[in-house]
Structure formats: C-alpha cells, structure tokens
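**Q**
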Amino acid sequence: MASTLTPLRRPDFRRFWLGSGLSTFGSQLTELALPLLILDQTHSPVLAGVVGTARMITYMIVQLPAGVVADRLDRRALLLFGEVFRGSIVVVIGVALVLGAPLPIVPLALLMVAGTVMSAVADPTRQAAMRHLVGVDEMPSALALNTMSSQTMTLIVPLLGGVCYQAWPALPFLVDAASYAVSFVVLSFVTVSLGTGTRERRSILADVGVGLRFVWTSRFLPLYLVWSALGNFVTAGVIFVLVITVQPSGGSTLGLVMSVVALGGLAGAALAPRTAKLPTAWVVSGGIGLRLLAACAMAVHPTPVVLAVGTTLIILLGPSILIPYGAHVYTVVPDHLTARVQSAMVLVGGSLYPFAALATGLLMELTSTPVTLLTLAALFAVLLSVSVLPRMRLPNRS
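Take the sequence shown: its position 77, counted from the start at 1, is 79 in our numbering, and no numbers get skipped.
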C-alpha cells in the first residue's frame with residue numbers, strides 16, 4: 003500500500019486530493035437528491051428524466067470548449083471560482099427548501115444546467131492540474147488514489163444520500179454547499195502553480211481545432227480513444243446484465259451485490275500501482291484476457307452468483323488496465339493542451355456508454371443472456387487484439 007499512498011506525502015497533492023474528494027462527495031449527494039426533489043415537486047418521472055437528460059447532453063456539448071477554457075486560464079483560480087459558483091447554486095436550492103419557498107421546475111433546471119456547465123470546465127481543469135502536483139513516476143499512484151476516491155463515493159453516497167433526503171430534503175443540498183466551502187478552503191492552501199494558461203488571440207472554436215488536430219495527428223491518441231469508448235461500452239453492458247439478472251431477487255440483494263462490485267473497483271485501484279514492477283504489456287493484455295475469460299464463464303453459467311463474481315473481477319481488473327494508459331497520456335500531451343485532450347477523452351471515451359444498456363437489453367430480449375454475454379466476451383477479444391497493436395504499446399514503468 004505504501005506505493006499507492008506515496009503521492010499523499012506531497013502536501014499540495016494531499017490538499018488537492020482531499021478538496022476534490024469533498025467536492026465530488028457533495029456533488030454526488032445532489033445528483034441523487036435532485037430527481038427525488040423534482041418528483042416531490044412535480045410528481046412527474048418524465049420531468050425528472052428530462053432534467054437529467056438535459057444536464058447530461060449539456061455536459062457533453064460543452065466538453066471541448068470547456069477544455070479550451072481550462073487551458074487558457076489560471077487553473078487554480080478557475081477551480082476556486084468553480085467551487086464558489088456551484089456552491090452558490092446549491093445554497094440557493096437548499097435555502098429555498100428550508101424557507102419553504104416554491105421551486106418552479108424551469109428555474110431549478112436552469113440552475114442545475116448552469117452548475118453542469120461549470121462542472122464540465124472544472125473536471126478537465128483538475129485532470130490537467132495533476133501533472134503539476136506529482137512527478138511522472140508517481141502519476142499511476144495518483145490516478146489510483148483518484149479512482150479509490152470515486153469508488154468510495156460510489157459505495158457510500160447512495161446510502162447516505164437517500165437517508166439525508168428522507169430525513170430532510172434540504173440536507174443533501176446544504177451538505178453539498180458545505181463540501182464546496184471546505185473544498186475552497188483546502189484548495190486555497192495549494193501553493194504550487196497548477197498552470198497559468200495560454201494567451202493566444204484565437205477564438206474558442208479555433209483553439210478547439212488546435213486540440214483536435216493534436217489528437218488526430220498523434221500516433222497513440224486516436225486509437226486509444228476509440229479503444230476506451232468500446233471498453234466503457236462493454237463494461238457497462240456487463241453491469242447491465244448483472245443488474246437485470248439479480249433484480250428479481252429484490253432491491254436489498256441488488257444493493258448488496260452492487261456494493262461488492264464497487265468494493266472490487268476500490269480494491270483494484272489499490273492494487274494497480276503494485277503492478278508497476280511488471281511489464282506493462284503483461285499487465286494490460288493479461289488483465290483484458292482475464293476479463294474475456296470471466297465473460298465466457300458468465301455465459302456458460304449465468305447464475306446471479308457467477309455473474310456477481312465475474313463482474314466484480316472485471317471491475318477489479320479495470321484500474322490495472324486503464325491507469326497505465328491514463329498516466330501515459332500525460333507523457334505525450336504538452337501542458338498547454340492537456341485539458342483539451344482530457345475533454346476529448348471524456349467526449350469520445352463516453353460516446354458509446356449511454357447506449358450500452360439499450361443495446362445490451364435489446365440483445366437479451368432478442369436472444370438470451372448467454373448469447374449476450376458471449377457477444378460481450380467477443381468485444382473483450384477485440385479490445386485485447388487492439389491492445390497489442392504497436393500504436394497501443396506502452397513503455398515499461400520502472
């Protein structure tokens with residue numbers, strides 16, 4: 003575990019990581035509470051879905067311009083402004099609920115969409131700032147710590163968020179506001195520069211083009227982005243099959259199974275830096291190969307227990323496969339383009355994800371669970387084949 007925690011010995015990274023974790027914790031509470039609030043206010047599941055979809059679409063649409071903003075401006079100042087901006091939004095909602103003031107759906111939706119735009123700017127800003135906080139050798143451990151933080155939130159927020167909202171609808175929003183305030187204070191004590199931005203006199207659209215041209219002309223990035231998109235799609239498909247298979251056993255059983263899967267992701271993030279002494283090609287190809295075997299085993303015997311174990315293994319292996327690539331991005335992308343490339347990674351890498359449940363569900367309905375899992379296993383085989391191509395080979399880590 004010492005190698006995993008090494009970046010935390012750096013005070014600035016420790017503050018940055020803590021502030022980011024607090025901000026994420028509060029944001030996920032709001033993500034859970036918002037549809038519940040809309041349902042209570044309007045009694046319309048459709049409106050709750052419309053607001054959620056509008057926010058998701060907005061987040062994707064503004065990705066590339068957001069990366070430009072994060073590369074142009076001082077990143078530390080941008081992050082601090084983002085905490086104040088998003089914190090103010092949830093304060094308004096929380097105070098309105100405390101006072102019993104009406105919350106019309108249109109102003110509420112506009113507020114949350116505005117917060118989503120700021121999140122789209124803050125996310126690549128945080129990713130771009132990472133290279134200023136840790137050295138190249140520590141980047142895999144730093145990314146593993148970020149993954150551990152996000153997996154921890156996946157474990158605890160659904161339970162805490164539901165309890166908080168049931169206790170007092172304003173509570174999740176007020177906790178979110180407090181998390182932004184504490185995050186602001188913690189980030190204020192980061193002393194190193196996180197990148198001061200560039201001052202070229204170009205339009206945002208022109209700077210988007212600069213970032214996209216860099217990605218397109220890179221030997222590594224275009225294939226990696228497509229590979230990443232397919233990988234996210236397959237992993238989401240496996241999880242969807244698990245949910246559909248376990249759901250008839252009851253909500254509590256499904257919740258327990260998903261908690262175990264999240265624990266697998268947490269364990270995988272802790273394990274990932276320990277693989278640094280192994281040849282990177284072995285780690286990546288071996289991890290994908292084990293995922294392929296797990297999917298085949300699930301197809302042969304698609305019981306809830308086998309699916310739960312197989313999915314947990316697939317999620318556990320994820321960080322060891324993905325973190326080497328994530329760290330490699332920082333070595334091939336210059337600082338002044340990092341946020342734009344990170345935004346492109348989110349946009350392209352997540353492009354197939356929303357369709358995973360639809361495609362997997364349709365395949366399950368038209369064929370069967372074993373056939374669906376074999377199809378996903380075949381896609382893992384494609385990912386394995388691509389990972390051994392020369393353009394996807396990574397240098398061994400010392």
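All C-beta atoms, glycine included, are put in the ideal place defined by N, C-alpha and C.
All of these numbers come straight from a predicted model, not from anything done at the bench.
Report the three-state DSSP secondary structure of P281 (helix, strand or coil).
**A** Locating residue 281 in the sequence shown gives position 279, counting from the first residue. In the structure shown, P281 sits in coil (DSSP, three-state: anything other than H, G, I, E or B).
**Q** What beta strand (DSSP E) runs, 3 residues minimum, are completely inside the segment 105 to 167?
**A** none
**Q** Starting from the Cα of M141, find the closest Cα among T333, R393 and L339 and give me that residue.
**A** Here residue 141 refers to the residue found at position 139 when the sequence shown is read from its first residue. Cα-wise, what sits closest to M141 is T333.
**Q** Among residues of its own chain, excluding the 5 on either side of V343, which ones have a beta-carbon nearer than 8 Å to its beta-carbon?
**A** Working through the sequence shown from its first residue, we reach residue 343 at position 341. Excluding residues within five positions, the ones whose Cβ falls inside 8 Å are G69, G213, F216, V217, L223, V331 and V335.
**Q** Measuring straight from C-alpha to C-alpha, what distance separates M3 and A272?
**A** Taking the first residue of the sequence shown as position 1, residue 3 is located at position 1. Taking the first residue of the sequence shown as position 1, residue 272 is located at position 270. With a pLDDT of 43 at M3, under the threshold of 50, the modelled position of this residue cannot be trusted, and the question is left open.
**Q** Do Y61 and N234 have their beta-carbon atoms positioned less than 8 Å apart in this structure?
**A** The residue labelled residue 234 in the question sits at position 232 within the sequence shown. The residue labelled residue 61 in the question sits at position 59 within the sequence shown. Going by C-beta atoms, N234 is not nearer than 8 Å to Y61.
**Q** Go ahead and label G253 buried or exposed: buried means 16 or more other beta carbons lie within 10 angstroms of its beta carbon, across all protein chains shown.
**A** For the purposes of this step, residue 253 is taken as the residue at position 251 of the sequence shown. Per the 10 Å Cβ criterion, exposed.
**Q** For T266, which three-state DSSP category applies?
**A** Counting from one through the sequence shown, the residue named residue 266 turns up at place 264. According to the sequence shown, residue 266 is Gly rather than Thr. Assignment of G266 by DSSP, reduced to helix, strand and coil, places it in the helix class.
**Q** Could you tell me if L75 is buried or exposed, where buried requires 16 or more neighbouring beta carbons within 10 angstroms of its beta carbon?
**A** Taking the first residue of the sequence shown as 1, we reach residue 75 at position 73. Buried: at least 16 other Cβ atoms inside 10 Å.
**Q** Roughly how many angstroms lie between the CA atoms of L36 and A297, to the nearest whole one?
**A** In the sequence shown, residue 36 corresponds to position 34, counting from 1. In the sequence shown, residue 297 corresponds to position 295, counting from 1. Their Cα atoms are separated by approximately 35 Å.
**Q** Which of helix, strand or coil does DSSP assign to D76?
**A** The residue you call residue 76 lines up with position 74 of the sequence shown. Residue state, collapsed to three classes: coil.
**Q** Can you give the Cα-Cα distance for L256 and V248, rounded to whole angstroms?
**A** As a first step, residue 256 must be located in the sequence shown, where it is residue number 254. As a first step, residue 248 must be located in the sequence shown, where it is residue number 246. If I take the Cα positions, the gap works out to 6 Å.
**Q** What does the alpha-carbon distance come out to for the pair V159 and S151?
**A** Here residue 159 refers to the residue found at position 157 of the sequence shown. Here residue 151 refers to the residue found at position 149 of the sequence shown. Answer to the nearest angstrom: the Cα atoms are 12 Å apart.
**Q** What three-state label does DSSP hand N398 in the structure shown?
**A** Indexing the sequence shown from 1 puts residue 398 at position 396. The answer is coil: DSSP assigns N398 none of H, G, I, E or B.
**Q** Using the Cβ count rule (16 or more neighbours within 10 Å means buried), how would you classify F382?
**A** Residue mapping note: residue 382 aligns to position 380 of the sequence shown, counting from 1. Label assigned to F382: buried.
**Q** Would you kindly report the start and end of the unbroken alpha helix (DSSP H) that includes V390?
**A** Against the sequence shown, residue 390 aligns to sequence position 388. Unbroken run through V390: none, as it is neither H nor E.
**Q** So, using beta-carbon positions, are G239 and L378 closer together than 8 Å?
**A** Working through the sequence shown from its first residue, we reach residue 239 at position 237. Working through the sequence shown from its first residue, we reach residue 378 at position 376. Cβ atoms of G239 and L378: closer than 8 Å.
**Q** For L294 and A380, I'd like the C-alpha separation in whole angstroms.
**A** Working through the sequence shown from its first residue, we reach residue 294 at position 292. Working through the sequence shown from its first residue, we reach residue 380 at position 378. Their Cα atoms are separated by approximately 8 Å.
**Q** Which residues in the same chain have their Cβ closer than 8 Å to the Cβ of P372, if we skip the five residues on either side of it in sequence?
**A** Residue 372 sits at position 370 when you count from the first residue of the sequence shown. Correct list, in chain order: A301, V302 and P304.
**Q** In angstroms with no decimal places, state the Cα-to-Cα distance between L135 and L268.
**A** Start at 1 with the first residue of the sequence shown, and residue 135 comes out as number 133. Start at 1 with the first residue of the sequence shown, and residue 268 comes out as number 266. Rounded to whole angstroms, the gap between the alpha carbons of L135 and L268 is 23 Å.
**Q** Once the 5 residues before and after V245 are set aside, which same chain residues still bring their CB inside 8 Å of it?
**A** Position 243 of the sequence shown, counted from the start, is the residue given in the question as residue 245. Cβ neighbours of V245 beyond the five flanking positions: L256 and M260.
**Q** Tell me the DSSP secondary structure of T6 in three-state form.
**A** As a working note, residue 6 is residue 4 in the sequence shown. Note: T6 maps to helix in three-state DSSP.
**Q** Given that a residue counts as buried once 16 or more other Cβ atoms are within 10 Å of its Cβ, and exposed if not, what is I323?
**A** Here the question's residue 323 lines up with position 321 in the sequence shown. The residue is buried, with at least 16 neighbouring Cβ atoms inside 10 Å.
**Q** When the distance is taken between beta carbons, is P171 closer than 8 Å to G39?
**A** If you number the sequence shown from 1, residue 39 lands on position 37. If you number the sequence shown from 1, residue 171 lands on position 169. Per the sequence shown, the amino acid found at residue 39 is Leu instead of Gly. In contact: L39 and P171 (Cβ atoms closer than 8 Å).
**Q** Do you know whose CA, among P326, S90, S345 and F87, lies nearest V1's CA?
**A** Nothing in the structure corresponds to residue 1, since the chain is present only between 3 and 400.
**Q** Taking the straight line between their C-alpha atoms, what separation do you get for R16 and V177?
**A** The residue you call residue 16 lines up with position 14 of the sequence shown. The residue you call residue 177 lines up with position 175 of the sequence shown. Cα to Cα, R16 sits roughly 22 Å from V177.
**Q** In or out: D125 buried (at least 16 other Cβ within 10 Å) or exposed?
**A** Locating residue 125 in the sequence shown gives position 123, counting from the first residue. Answer is buried; the Cβ neighbour count reaches 16.
**Q** May I ask you to verify whether the segment 189 to 198 touches the segment 45 to 54, counting CB pairs closer than 8 Å and requiring at least 3?
**A** no
**Q** Report whether the distance from the Cβ of S387 to the nearest heavy atom of the ligand ATP is below 7 Å.
**A** No copy of the ligand ATP appears in this structure; indeed no ligand is present at all.
**Q** Within 10 angstroms of the Cβ of P281, are there 16 or more other Cβ atoms? Answer buried if so, exposed if not.
**A** Working through the sequence shown from its first residue, we reach residue 281 at position 279. Classification of P281: exposed, given that the 10 Å Cβ count is below 16.
**Q** Taking Cβ to Cβ, would you say Y182 is nearer than 8 Å to G28?
**A** Sequence index remark: in the sequence shown, residue 182 carries index 180 (1-based). Sequence index remark: in the sequence shown, residue 28 carries index 26 (1-based). Yes. Within cutoff.
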